[in-house]
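In order, the protein sequences belong to chains D and W.
Just so you know, the first sequence maps onto residues 1 to 152 in the UniProt record's numbering.
Just so you know, the second sequence maps onto residues 1 to 152 in the UniProt record's numbering.
Glycine is no exception: its CB is placed at the ideal position from the N, C-alpha and C atoms.
2 protein chains.
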Amino acid sequence: MQIPEGESRGSQLLPVLSRLGRLLREIEGPDYPSSVATAVLRKLTDEGPGRVTDLARLTRVSQPGMTQLIGRLEKADLVRRVPDPDDRRGVLVEVTEAGRKLLNRTYVHYAAVLDEMFEQLSPDDSDAVIRALPALARLAQAGEERRSGPAR
Amino acid sequence: MQIPEGESRGSQLLPVLSRLGRLLREIEGPDYPSSVATAVLRKLTDEGPGRVTDLARLTRVSQPGMTQLIGRLEKADLVRRVPDPDDRRGVLVEVTEAGRKLLNRTYVHYAAVLDEMFEQLSPDDSDAVIRALPALARLAQAGEERRSGPAR
DNA sequence: TATTGTTATACTCTATAACTATA
DNA sequence: TATAGTTATAGAGTATAACAATA
Numbered sequence: 001m002q003i004p005e006g007e008s009r010g011s012q013l014l015p016v017l018s019r020l021g022r023l024l025r026e027i028e029g030p031d032y033p034s035s036v037a038t039a040v041l042r043k044l045t046d047e048g049p050g051r052v053t054d055l056a057r058l059t060r061v062s063q064p065g066m067t068q069l070i071g072r073l074e075k076a077d078l079v080r081r082v083p084d085p086d087d088r089r090g091v092l093v094e095v096t097e098a099g100r101k102l103l104n105r106t107y108v109h110y111a112a113v114l115d116e117m118f119e120q121l122s123p124d125d126s127d128a129v130i131r132a133l134p135a136l137a138r139l140a141q142a143g144e145e146r147r148s149g150p151a152r
Numbered sequence: 001m002q003i004p005e006g007e008s009r010g011s012q013l014l015p016v017l018s019r020l021g022r023l024l025r026e027i028e029g030p031d032y033p034s035s036v037a038t039a040v041l042r043k044l045t046d047e048g049p050g051r052v053t054d055l056a057r058l059t060r061v062s063q064p065g066m067t068q069l070i071g072r073l074e075k076a077d078l079v080r081r082v083p084d085p086d087d088r089r090g091v092l093v094e095v096t097e098a099g100r101k102l103l104n105r106t107y108v109h110y111a112a113v114l115d116e117m118f119e120q121l122s123p124d125d126s127d128a129v130i131r132a133l134p135a136l137a138r139l140a141q142a143g144e145e146r147r148s149g150p151a152r
């Protein structure tokens, strides 16, 4: 081990978080949308049609990047572009029925994989993870606010 | 919310894990190596020179994919290829001093970002996260073994 | 024959710069 | 002028198929 030995909380969290992240990326097979695409489908499903610019900001990809992603999703019939009646420069992106179904399938698949992993864990470990979820969620929120507050 | 409301442990973990994963990907700026590259640099730093095939298996990328990654890392002077004296088909990849330094800088940067996030958390939440780390590590391990056992 | 690694090729995802149309 | 979105182009990252050299 050549790394500065971890005493700070961040140093302790880092290796575990890295492993979990790598895991998540592995579950993401070619049959399921990328994490950014999933975030877009989720937002459109939960909150209705949205602007390209807003989706780009939400997922922190560039505006052209979002145009391109929407193009791929539209080609796959997962979303649809409709003109924005209030601003003729813009478009509204809305999720299709196929998009909603894929989002659902993705969610079920991921949850099933995670459930399988929990089955390998002792009851104590399972409980410890579940009990920490609210704190972990707030940690994630702190991270999301880290840049969106100061920057932009 | 159109998603099947989560009662299983996997369903509860999924949204939190997704947010943490997205966060990790955001911290990974263009100034730092990708997660696969980081895993390679870490392995070479911790355990000495390694074969392309072993690095590919470790990180679960294809053998050509690893050849290409090593090519990019070598061009950036982060690793170096040396002939394997024991098997003339193979090469040994070893990390350079610049590679070690970058790995260290990456580690420090990530840990610092996570520390910043912890500072936004209440002491109770911080403790809850830290206490859950061993269980989370075992969960990650269960995931890593999920495919490596049965498959391959 | 099997294994190690590479080359050839293609596809996804993402970025920056330059552009068009509307406000 | 500023904003919304697109097009053009380039690069990282990854895969499969075909190949060369060695075991």
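When the beta-carbon positions are compared, S18(D) and S35(W) come within less than 9 Å of each other. For the 9 Å CB-CB criterion, A142(W) and L20(D) do not form a contact.
For R138(D), at least one C-beta of chain W is nearer than 9 Å to its own C-beta. Residue contact with chain D for Q120(W): present (Cβ-Cβ distance below 9 Å to some residue of chain D).
Boundaries of the alpha helix (DSSP H) around E116(D): E97 to E119. Taken through DSSP and simplified to helix, strand or coil, E144(W) comes out as helix. The straight-line gap separating the alpha-carbon atoms of Q68(W) and D87(D) is approximately 46 Å. Remark: fewer than three beta-carbon pairs, one from each stretch, lie closer than 8 Å, so the region 46-53 of chain W and the region 56-63 of chain D are not flagged as touching. Within the DSSP secondary-structure output, E94(W) pairs in a beta bridge with R80(W). The beta carbon of L92(W) lies closer than 6 Å to those of P49, V82 and D84 in the same chain, with the five residues before and after it left out. Within the same chain, R51 and D84 come within 7 Å of G90(D) by CB-CB distance, once the 5 residues on both sides are set aside. About 19 Å separates the beta carbon of L41(D) from that of V113(D), a gap too long to meet the 8 Å contact definition. Distance between I27(W) and R146(D), taken at the CA atoms: about 11 Å. Per DSSP, the continuous alpha helix (DSSP H) segment holding R9(W) begins and ends at R9 to I27.
For P134(W), the closest alpha carbon among the candidates R25(D), L121(D) and T38(D) is that of L121(D).
Here DSSP, grouped into helix, strand and coil, assigns R42(W) to helix.
Taking the Cβ atoms as the reference, Q12(W) lies roughly 31 Å from I70(D), outside the contact range of under 8 Å. In this structure, the beta-carbon distance from L102(W) to L136(W) does not fall below 9 Å. Within the model, the alpha-carbon separation for R9(D) versus A76(D) is close to 43 Å.
At a beta-carbon threshold of 7 Å, the residues of chain W lying near S11(D) are A111, ordered along the chain.
Sorting T38(D), L73(D) and P15(D) by C-alpha distance to the C-alpha of T59(D) places T38(D) at the top. When secondary structure is reduced to three states using DSSP, R51(D) falls in the strand class.
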